[in-house]
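In the numbering used here, the protein residues as written are 643 to 758. The beta carbon of each residue, even a glycine, is placed where N, CA and C say it ideally should be. Working notes for the structure below.
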Amino acid sequence: QVQLVESGGGLVQAGGSLRLSCAFSGSIFSLYRMGWYRQAPGKQRELVATITSGGSTNYDDSVKGRFTISRDTPKNTVYLQMNGLKPEDTAVYYCNANRDTGMRYWGKGTLVTVSS
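Here you go:
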């Protein structure tokens, strides 16, 4: 059973930076496309960024140029480097593991709060 554990959230001022980490266990990391999603209060969960096992990335337009997703295969970890944070980035950030067979897993989330 795949398990995902996020860390790195917290409170930061606008313009600041945070790096989120997601530790993957329970299966073969390289078989999964990894992603970060977020859910702000009163809103639906939305895609932030994804990365394939080959390193191809995809970003929502709202974070392009500010956020960077990466993965470290030996450490079974995916990261989200967030720079130039804005109050509208405030949300619970969830790690996602997605396999081409349709299997999909979620972490429990980590809260990011950006103060103005």
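Judged by DSSP secondary structure, D714 falls within the beta strand (DSSP E) whose first and last residues are F709 to D714. Non-local C-beta neighbours of L653 in its own chain, meaning closer than 7 Å and more than five positions away in sequence, comprise T755 and S757, ordered along the chain. Secondary structure of L653 (DSSP, three-state): strand.
The secondary-structure analysis by DSSP pairs N740 across a beta bridge with R675 and R746. In this structure I693 is buried. Its beta-carbon is surrounded by 16 or more other beta-carbon atoms within 10 angstroms.
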